[in-house]
Amino acid sequence: MLAEFGFSRWGADVVRLAEPLSAQVPNPLASRARSLARNQGVELTVTGSAVAGLVSSGAQASIARLEFVAMSHDAAGTLRALLGSATEPDDDVHQRAKTAGSGVGPQIAAADCSCRARGDRCVHILATLYALAAAIDHRPALALELQGFDRFLAAQSETQSEPGSMSGSMSGSERQPQPIARWIPLAGLGIGDYWDPPATG
Amino acid sequence: MIDGHELLARRATSASVIAWQRAVQRADPQVPLPLAAHAEADPTGTAMTTAEYARSAFADTVAAESALRGVVPASLRPYQLRGIAWLHRVVADAGGALLADEMGLGKTVQAIGLMTLRTPQGPQLVVCPSGLISNWAREIARFAPDLTVDTDPTTSPQEPGRVCIISYAGVRLRIDALADIRWTTVVLDEAQALKNPRTQLARATRRLQADGLVALTGTPVENTLDELWAILRVVAPKLFPHQAVFRRRFTRAVEAGDRGALDRLQVAVAPVMLARKKNHVLPALPPKLFNPVLCDLTDEQASLYDRHLAQLADDGFGAGFERQGRVLAALTKLKQICNHPALVTGELAGGAEIRDIAGRSGKFDVCLDILTANVRSGSPTLVFTQYRHTGELLARHASETLGIDVPFFHGGMSAAARATLADDFQAGRTAELMVMSLKAGGVGLTLTRACDVIHFDRWWNPAVEAQASDRVHRLGQERTVTITTLTCATTLEEHIDAMHQRKAALNTHARSTSLVAELAGYDDERLFDLLRRRREGS
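Line by line, the protein sequences give chains V and Y.
In this text, residue positions in the first sequence follow the numbering used here: the first is 1, and each later residue adds one.
In this text, residue positions in the second sequence follow the numbering used here: the first is 1, and each later residue adds one.
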């Protein structure tokens, strides 16, 4: 039986944000939050590393906002190598990234909500986290996009306009061709030079 | 302000084309490509192909083209070359691939191209439905004449340059012997046979040891997405290790009406699956696509055919005027045996149970597979046959199997009823399939709603078949028409097929009656020589 939220490792990371290991007792709001996420009570809008959740229950509606920490350049580099030519990160990549010692799960930089509750774990934020976990279960790449992995790829493709330089910088023994990425996110591209070849150098 | 004249002057060659031309001329990976030169969106529309991928795809295709030039004695279409290069790359990197191009685009040729490239590495295996073994043997002889074809893996030596062709039933029965051999490539044709992962067949297939596995199917998904998972489990077991996860992410999401789930699935399977539709490659396609399929006789058909021939040999054909009639009767009966044994055993007269029809005629089963695929993909199809009983059997059986009402258009109907039926089909008021009698439906009608034609049996005269195909390929048809002909291997029908090709070469339009007369003019020995089933290897 799969978990309802977070049945992929990438989604489980986000569920972990809603249910931290440090908690001594189950959060009394959690079951209400799961029910909201389960019954389409949360409308997610993802913009870069920011997530807005419009949580509506009955006549009430609140907007929960979450901001995630960008991943470090090194962690992104490790992930890029682990992904190889795969078009999406699977559980296996998650496992290996963890073994390689890079933190892969998204970390919250800021969280707030339009409701009157105090603290940064109101039911709306929890519901948004569960809905986000479900979205990531269905599209694991989202977990990386939240952490600015797209921007890393775009920057990498710009510096990589001469492909020879990448393999050239590797040491002799572990020289292997850099796996070719199949797709590059549109978000990271500038359309200004759509018709112009990128400058070499 | 934009000056129109300036735009027109610049329209000649776009910057992306110039960049590609430069990259090709210099054969240099350093030539920078503008975004426009590789702007192919991914299925979700949120990303596009990288320049590196576009470059390597181009280089792979050029390499495949030069490796196959002179080896494959046919000119391959550009998308087929791309398919071969893609298969070669993915099978080498990931160990397995699924080629799910639409019917008629040449999946078989692409698989043979891959096998040609991998020949030096070791023995190769083709697994296909039992009715298509001869078809594979013929296609390999045509496109890869250097490969030696076997049909029994246990007796023949397994070495580079040999291809073994075996049916799915053969894999299931002889898996113990097959599993001991290390195959370089295993090609699984019509891989929807593996759609249920719990069958003995699917288990046996997973036991095959292969460096590279290729599954071919025009319909990876017949009923539910789980079937795609089952095929992927054989060719790329690492991609989705858990069926439950696949179900949650895709099968149930699609059933719940999540439109985006299909796009996400395409992104997820893109590394191992290539599925092109006819309209993707339309500029490379001719207006008519011929898809000759060679079907095998079942044991029941073969023994009926031989028994009937033996009886003819005893009775003789007589001489004079009587002879022509007897020859025609004999030919008709042999052709009906090729269509379906039930047509000559008399079981249909008493209104026999229709459920005993499947699995007794190789041709019938192949035809039904094609029809099933076409109904699922929503491509209207016409099936032509020259025999009333065959047509009734086909229409009845297709109706029951597919759960739709398949009409049969034949000469026994009144002219008004025929006109109404043709209009209804053309206007989309009937099911996607229609069975037509070759002579009744062969002329005058416009049925351009369909773009697939199947000739269930072979008529003496190629012009009559062409006439019938032209019901669909005529003014108003904007799609590529696929014309499938079903021919029973080793029988009289193969002679007819050979005769068609001779006639086409001579560009003569023989009258059908004169052909029978010509056959009747032969002496008995020569006639029986033509009719006798050619044994394999002879």
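Even glycine gets a Cβ: it sits at the ideal position worked out from N, Cα and C.
Keep in mind that this is a model prediction, so the values were computed, not measured.
Identify each residue in the segment 34-65 of chain Y for which the Cβ-Cβ distance to at least one residue of chain V is less than 7 Å, and report them in chain order.
Going along the segment 34-65 of chain Y in chain order, one finds Pro34, Leu35, Ala36, Asp42, Thr46, Ala47, Met48, Thr49, Thr50, Glu52, Tyr53 and Ser56 with a Cβ nearer than 7 Å to chain V.
Where Y:Asn374 falls, given that 16 or more other Cβ within 10 Å makes a residue buried
Taking the first residue of the second sequence as 1, we reach residue 374 of chain Y at position 374. Flag for Y:Asn374 reads buried.
Does the CB of Y:Ala210 have a neighbour CB from chain V at under 7 Å?
What you label residue 210 of chain Y is simply residue 210 of the second sequence in a count that begins at 1. So no, Y:Ala210 is outside the interface.
Give the interface partners of V:Ile184 over in chain Y, defined as CB-CB distance under 7 Å, in chain order.
As a first step, residue 184 of chain V is located in the first sequence; it is residue number 184 there, counting from the start. In chain order: Ala47, Met48 and Thr50.
Would you say V:Tyr130 lies against chain Y (beta-carbon separation less than 7 Å)?
To locate residue 130 of chain V, count along the first sequence from 1; it is residue 130. At a cut-off of 7 Å between C-beta atoms, V:Tyr130 does not count as an interface residue with respect to chain Y.
Where does the unbroken beta strand (DSSP E) through Y:Leu289 begin, and where does it stop?
In the second sequence, counting from the first residue as 1, residue 289 of chain Y sits at position 289. Start and end: Lys288 to Cys295.
Checking the sheet assignment: what are the DSSP bridge partners for V:Gln60?
Start at 1 with the first residue of the first sequence, and residue 60 of chain V comes out as number 60. Residue pairing from DSSP places V:Gln60 in a beta bridge opposite V:Ser57.
Those runs of the alpha helix (DSSP H) which lie wholly inside the segment 178-265 of chain Y and span at least 4 residues
200-207, 226-235, 243-246 and 252-255
Can you tell me which of Y:His495, Y:Ala253 and Y:Pro286 puts its alpha carbon nearest to the alpha carbon of Y:Asp529?
The residue given as residue 529 of chain Y occupies position 529 in the second sequence. Closest by alpha carbon: Y:His495.
If you measure between the beta carbons of Y:His383 and Y:Ile454, is that distance less than 7 Å?
Locating residue 383 of chain Y in the second sequence gives position 383, where the first residue counts as 1. Locating residue 454 of chain Y in the second sequence gives position 454, where the first residue counts as 1. Note that residue 383 of chain Y is Val in the sequence shown here, rather than His. Against a cut-off of 7 Å, the Cβ pair of Y:Ile454 and Y:Val383 comes out as a contact.
Do Y:Pro157 and Y:Cys164 have their C-beta atoms within less than 7 Å of each other?
Here residue 157 of chain Y refers to the residue found at position 157 when the second sequence is read from its first residue. Here residue 164 of chain Y refers to the residue found at position 164 when the second sequence is read from its first residue. The Cβ atoms of Y:Pro157 and Y:Cys164 do not sit closer than 7 Å to each other.
Looking only at DSSP bridge pairs, what is V:Ala111 linked to?
If you number the first sequence from 1, residue 111 of chain V lands on position 111. V:Ala111 is bridged to V:Leu66.
Can you tell which of Y:Tyr79, Y:Ala100 and Y:Ile133 has the C-alpha that lies nearest to the C-alpha of Y:Val366?
Walking along the second sequence from the start, residue 366 of chain Y turns up at place 366. Checked all of Y:Tyr79, Y:Ala100 and Y:Ile133; the closest Cα to Y:Val366 is Y:Ile133.
Going by Cα to Cα distance, which pick from Y:Gly441, Y:Trp460, Y:Ala398 and Y:Thr401 is closest to Y:Met413?
In the second sequence, the residue the question calls residue 413 of chain Y occupies position 413. Selected option, being the one with the closest Cα: Y:Gly441.
Nearest-angstrom Cα separation, counted from Y:Gly378 out to Y:Leu475:
The count along the second sequence starts at 1 and reaches residue 475 of chain Y at position 475. The count along the second sequence starts at 1 and reaches residue 378 of chain Y at position 378. Whole-angstrom Cα-Cα distance: 22 Å.
Any contact of the segment 75-83 of chain V with the segment 79-99 of chain Y, i.e. 3+ C-beta pairs under 8 Å?
no
Counting contacts by CB-CB distance shorter than 7 Å, is V:Phe7 in contact with chain Y?
As a first step, residue 7 of chain V must be located in the first sequence, where it is residue number 7. Answer yes: the Cβ-Cβ gap between V:Phe7 and chain Y drops below 7 Å somewhere.
Could you check what DSSP says for Y:Gln124 in three-state terms: helix, strand or coil?
Sequence index remark: in the second sequence, residue 124 of chain Y carries index 124 (1-based). Looking at Y:Gln124 - three-state DSSP - the assignment turns out to be strand.
Can you have a look at V:Asn39 and say buried or exposed, based on whether 16 or more other CB atoms are within 10 angstroms of its CB?
In the first sequence, the residue the question calls residue 39 of chain V occupies position 39. By the neighbour-count rule (16 or more Cβ atoms within 10 Å), V:Asn39 is not buried but exposed.
V:Trp10, enclosing alpha helix (DSSP H) - first and last residue:
To locate residue 10 of chain V, count along the first sequence from 1; it is residue 10. Arg9 to Ala18 is the span of the alpha helix (DSSP H), which, as asked, contains V:Trp10.
Extent of the continuous alpha helix (DSSP H) run through Y:Gly428
Along the second sequence, one-based indexing puts residue 428 of chain Y at 428. Element bounds for Y:Gly428: n/a, residue is neither H nor E.
Give me the chain Y residues within the contact set of V:Thr45, using Cβ-Cβ distance strictly less than 8 Å, ordered along the chain.
Against the first sequence, residue 45 of chain V aligns to sequence position 45. What V:Thr45 touches in chain Y: nothing, since even the nearest Cβ is about 15 Å away.
For V:Arg121, the three-state DSSP class (helix, strand or coil):
Looking up residue 121 of chain V in the first sequence gives position 121. DSSP places V:Arg121 in coil when its eight states are reduced to three.
Check this for me: beta carbons of V:Pro106 and V:Gln147, under 7 Å apart or not?
Stepping through the first sequence from its first residue, residue 106 of chain V is reached at position 106. Stepping through the first sequence from its first residue, residue 147 of chain V is reached at position 147. Going by C-beta atoms, V:Pro106 is nearer than 7 Å to V:Gln147.
Under 7 Å between C-beta atoms of Y:Pro129 and V:Asp196:
Residue numbering aside, residue 129 of chain Y sits at position 129 when the second sequence is read from its first letter. Residue numbering aside, residue 196 of chain V sits at position 196 when the first sequence is read from its first letter. No, the pair does not count as a contact, with Cβ atoms beyond the cut-off.
Would you say V:Tyr14 and V:Leu129 are within 7 Å of each other, going by their C-beta atoms?
By one-based count along the first sequence, residue 14 of chain V stands at place 14. By one-based count along the first sequence, residue 129 of chain V stands at place 129. Inspection of the sequence shows that residue 14 of chain V is occupied by Val rather than by Tyr. Against a cut-off of 7 Å, the Cβ pair of V:Leu129 and V:Val14 comes out as a contact.
Assess, as a yes-or-no matter, whether the segment 190-197 of chain Y is touched by the segment 228-238 of chain Y under the definition of 3 or more beta carbon pairs within less than 8 Å.
yes
Please name the residue, chosen from Y:Ala59, Y:Ser399, Y:Thr219 and Y:Arg252, that lies closest to Y:Ala27 on a Cα-to-Cα basis.
The residue labelled residue 27 of chain Y in the question sits at position 27 within the second sequence. Nearest of Y:Ala59, Y:Ser399, Y:Thr219 and Y:Arg252 to Y:Ala27, Cα basis: Y:Ala59.
Taking the Cβ atom as the reference point for each residue, do Y:Phe456 and Y:Thr385 lie within a distance shorter than 7 Å?
Indexing the second sequence from 1 puts residue 456 of chain Y at position 456. Indexing the second sequence from 1 puts residue 385 of chain Y at position 385. Closer than 7 Å, so yes.
Minimum Cβ-Cβ distance from V:Thr87 to chain Y less than 7 Å:
By one-based count along the first sequence, residue 87 of chain V stands at place 87. Yes, V:Thr87 counts as interfacial toward chain Y.
In whole angstroms, give me the CA-to-CA distance for V:Gly11 and Y:Arg396.
Position 11 of the first sequence, counted from the start, is the residue given in the question as residue 11 of chain V. Position 396 of the second sequence, counted from the start, is the residue given in the question as residue 396 of chain Y. In a straight line, the C-alpha of V:Gly11 is about 51 Å away from that of Y:Arg396.
Taking the straight line between their C-alpha atoms, what separation do you get for Y:Val245 and V:Ser8?
Counting from 1 along the second sequence, the entry for residue 245 of chain Y is found at position 245. Counting from 1 along the first sequence, the entry for residue 8 of chain V is found at position 8. Answer to the nearest angstrom: the Cα atoms are 8 Å apart.
Cβ separation of Y:Arg533 and Y:Thr491, assumed to be a contact under 8 Å, to the nearest whole Å:
In the second sequence, counting from the first residue as 1, residue 533 of chain Y sits at position 533. In the second sequence, counting from the first residue as 1, residue 491 of chain Y sits at position 491. With a Cβ gap of about 6 Å, Y:Arg533 and Y:Thr491 count as contacting.
Measuring only between beta-carbons, confirm whether V:Arg16 sits less than 7 Å from chain Y.
If you number the first sequence from 1, residue 16 of chain V lands on position 16. Not one chain Y Cβ lies under 7 Å of V:Arg16.
According to DSSP, is Y:Met115 helix, strand or coil?
Position 115 of the second sequence, counted from the first residue, corresponds to residue 115 of chain Y. Three-state result, Y:Met115: helix.
Cα separation between Y:Leu486 and Y:Ile370?
Numbered from its first residue, the second sequence carries residue 486 of chain Y at position 486. Numbered from its first residue, the second sequence carries residue 370 of chain Y at position 370. Taking the straight line joining both Cα atoms gives about 11 Å.
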